[in-house]
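Line by line, the protein sequences give chains A and B.
Residue 197 in this note's numbering is what sits at position 123 of the first sequence, and the numbering runs on without skipping anything.
Residue 197 in this note's numbering is what sits at position 87 of the second sequence, and the numbering runs on without skipping anything.
The beta carbon of each residue, even a glycine, is placed where N, CA and C say it ideally should be.
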Amino acid sequence: MQKSNAGLVSRSFAVLAKDIRLEFRSRYAINAILMFGITSLAVVSFSVGQSSLPPVLMAAVFWIVMFFSAVSGLAQVFIREEEAGTSLVLKLNGPAEPVYLGKLFFNFLLLSTMSMIITPLFFMFTDAPTDGVVAFLAILLLGVIGLCAATTLVAAVIAKAAIKGALFAVLSFPILVPLLLPVVNATEIVFDGGAFIDISAHLQFLLAYAVIMIVGSLLLFRFVWEE
Amino acid sequence: MWWKILLFVGMSAMIVLSFTTLAPQKQIGESSRIFYYHIPQAWICVIAFAMSMVFSIRYLMTKKIKEDDKASEAARLGFIFCLLATITGSIFAKVTWGSFWNWDPRETSIFVLLLIYGAYFSLRGAVEVEEKRAALSAVYSIFAFVTVPFLIFVVPRLVPSLHPADSVVDQNLKFTMGPTIRMIFFSSLALFTALFLWMFDIGRRMHRVRRRLAESEA
């Protein structure tokens with residue numbers, strides 16, 4: 075780890091680098107969320123067959139895949155620490171906030187890697203219109219940031235509880251509803267042929283949501299981590 | 111003691127008056143009487159959840175277990191009143207809009223509130239150690255409460271709603287109700303609040319007694 079007088083940024087990057095190295099050794103989390111995403115996309119594609127989905131269903135399918143993929147893998151960063159018993163060492167090495175930021179950034183990298191693979195597959199499987207792809211990517215980016223911002227703290231909470239897997243989805247969903255509603259709505263508008271300007275209110279909202287969730291998590295994380 | 115008798119008499123009088131006076135809303139008719147119950151319940155639900163959040167913050171500040179008892183008690187009562195508000199709202203929706211549930215923004219937000227506190231109780235059930243349970247559930251309830259303004263103020267603006275918004279005050283913040291209706295409505299609000307505080311006090315004392323019993327046995 076870093077020296078004790080290192081700054082917030084370098085500490086956070088140390089945590090991030092450690093988690094990336096661990097992930098490259100086992101590839102557990104990325105495999106879990108990637109396989110989950112591909113499987114559920116394939117299931118939808120099988121059952122729909124040749125007929126094409128209306129925009130509202132395409133948007134819903136995409137974000138259902140994103141939500142459950144996130145829930146299947148993003149808790150791993152904290153569960154791994156608890157199970158290996160390494161969280162105590164990490165706690166001794168410095169304050170809580172860099173740990174949160176490092177884990178948040180790790181989850182962001184994980185989910186964006188996954189969506190870089192899932193998104194082209196999604197367009198291939200569902201024949202979604204690619205005209206508004208820039209607007210779609212903007213929604214996707216802010217949606218991924220929001221997903222990570224809200225679930226990283228919940229992951230830290232459930233890592234300390236007895237039944238982890240089921241609890242993560244249960245605790246995350248109510249917090250993510252304010253994100254999922256506008257994100258599905260905006261994606262639907264884009265698939266319906268809407269322009270960038272039609273979703274600017276949604277994008278502002280998503281940005282506000284992400285900022286508030288990150289600030290809230292930064293304030294609260296200490297109480298979970300030091301428990 | 112006297113105020114409990116007063117509460118009983120007042121509550122009975124309010125219930126009788128709410129069914130015997132003229133219906134509060136002429137177009138909707140008799141079914142609009144439910145508003146004497148639905149709005150106070152929704153109000154108590156918000157008060158209780160806000161109290162739960164304040165006690166959670168106080169727990170994290172002081173680490174005194176009695177703050178956690180109060181937070182969980184407020185959340186429990188808030189959940190009950192939230193359920194009642196959902197049921198009364200759903201009955202009203204059936205009568206006026208034709209279906210019990212159609213994902214109106216208000217219905218969505220109250221449903222999410224129920225989910226948040228359902229999740230809160232599942233989290234409490236999943237942690238054995240008392241201090242750990244208190245800290246984790248306090249963090250979750252604060253974090254979840256942060257999203258509530260989004261649900262109440264932002265999401266209904268993105269999606270149109272059928273929920274009557276001007277039943278208490280109109281756009282110019284003037285009371286839309288006549289004097290009799292206003293009197294019954296505000297006494298209902300006050301009586302429900304008193305009932306809630308009484309229930310909260312009983313729950314809080316039960317937690318304390320249970321804790322003392324456990325201590326004397328140990």
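Please list, in chain order, the chain A residues whose beta carbon lies closer than 9 Å to that of residue i.
i                      : result
residue 254 of chain B : 245, 248 and 249
residue 261 of chain B : 251, 252 and 255
residue 229 of chain B : 241, 244, 245, 246, 247, 248 and 249
Taking residue i as the query, report the chain A residues whose CB atoms sit under 7 Å from its CB, ordered along the chain.
i                      : result
residue 226 of chain B : 248
residue 170 of chain B : 297
residue 205 of chain B : Per Cβ cutoff of 7 Å: no residues; residue 205 of chain B is ~27 Å from chain A at best.
Do the CB positions of residue i and residue j come within less than 7 Å of each other?
i                      : j                      : result
residue 89 of chain A  : residue 163 of chain A : no
residue 265 of chain A : residue 132 of chain A : yes
residue 61 of chain B  : residue 248 of chain A : The structure shown does not extend to residue 61 of chain B, since chain B is modelled only from 111 to 328, so the question has no answer here.
residue 154 of chain B : residue 302 of chain B : yes
residue 236 of chain B : residue 209 of chain A : no
residue 126 of chain A : residue 205 of chain A : no
residue 119 of chain A : residue 199 of chain A : yes
residue 247 of chain B : residue 234 of chain B : yes
residue 225 of chain A : residue 246 of chain A : yes
residue 304 of chain B : residue 117 of chain B : yes
residue 138 of chain A : residue 188 of chain A : no
residue 288 of chain A : residue 233 of chain A : no
residue 145 of chain A : residue 242 of chain A : yes
residue 301 of chain A : residue 204 of chain B : no
residue 150 of chain B : residue 299 of chain B : yes
residue 232 of chain B : residue 244 of chain A : yes
residue 290 of chain A : residue 253 of chain A : no
residue 165 of chain B : residue 181 of chain B : yes
Tell me, please, whether the CB atom of residue i is closer than 7 Å to any CB atom in chain B?
i                      : result
residue 89 of chain A  : no
residue 305 of chain A : Outside the displayed span of chain A (75 to 301) sits residue 305 of chain A, for which this structure offers no information.
residue 215 of chain A : no
residue 234 of chain A : yes
residue 237 of chain A : yes
residue 115 of chain A : no
residue 77 of chain A  : Because the pLDDT at residue 77 of chain A is just 48, under 50, the model does not fix this residue reliably, and the point stays unresolved.
Leaving out five residues on either side along the sequence, give the residues of the same chain with a beta carbon under 7 Å from the beta carbon of residue i.
i                      : result
residue 75 of chain A  : The predicted position of residue 75 of chain A is uncertain, since its pLDDT is 45 and thus under 50; a value taken from the coordinates is nonetheless stated next. Correct list, in chain order: 88 and 167.
residue 103 of chain A : 97, 147, 150 and 184
residue 129 of chain B : 143
residue 244 of chain B : 169, 175 and 178
residue 148 of chain B : 195, 198, 199 and 202
residue 133 of chain B : 139, 140, 142 and 143
residue 268 of chain A : 206
residue 259 of chain A : 276
residue 134 of chain A : 258
Distance cutoff 7 Å, beta carbons only. Does residue i sit that close to anything in chain A?
i                      : result
residue 196 of chain B : no
residue 176 of chain B : no
residue 340 of chain B : The structure shown does not extend to residue 340 of chain B, since chain B is modelled only from 111 through 328, so no value can be given for it.
residue 212 of chain B : no
residue 61 of chain B  : No statement about residue 61 of chain B is possible, as the shown extent of chain B runs from 111 to 328 and does not include it.
residue 156 of chain B : no
residue 257 of chain B : yes
residue 164 of chain B : no
residue 264 of chain B : yes
residue 222 of chain B : yes
Residue i touches chain B at which residues, Cβ-Cβ below 8 Å?
i                      : result
residue 227 of chain A : 249 and 253
Against residue i, what residues of chain B qualify as contacts under a CB-to-CB distance less than 7 Å, listed in chain order?
i                      : result
residue 241 of chain A : 232, 233 and 236
Name, please, each residue of chain A whose Cβ falls closer than 8 Å to the Cβ of residue i.
i                      : result
residue 246 of chain B : 231, 234, 235, 298 and 301
Leaving aside the five residues before and after residue i along the sequence, list all residues of the same chain whose C-beta is less than 6 Å from its C-beta, in chain order.
i                      : result
residue 189 of chain B : 227
residue 279 of chain A : 256
residue 317 of chain B : 179
residue 152 of chain A : 229, 230 and 233
Less than 8 Å between C-beta atoms, sequence neighbours within five positions excluded: which residues of the same chain meet that for residue i?
i                      : result
residue 77 of chain A  : Reliability fails at residue 77 of chain A, whose pLDDT of 48 lies under 50, so the model's placement of it is uncertain and no value is given.
residue 230 of chain B : 185, 247, 250, 251 and 254
residue 224 of chain B : 189, 192, 193 and 196
residue 295 of chain A : 170, 171, 173, 174, 227 and 230
*Name the residues in the segment 118-150 of chain A whose C-beta lies less than 8 Å from a C-beta of chain B; which are they?*
none
*Scan the segment 272-301 of chain A for residues whose Cβ lies nearer than 8 Å to a Cβ of chain B and list them as they occur along the chain.*
275, 276, 279, 283, 286, 287, 290, 291, 294, 297, 298 and 301
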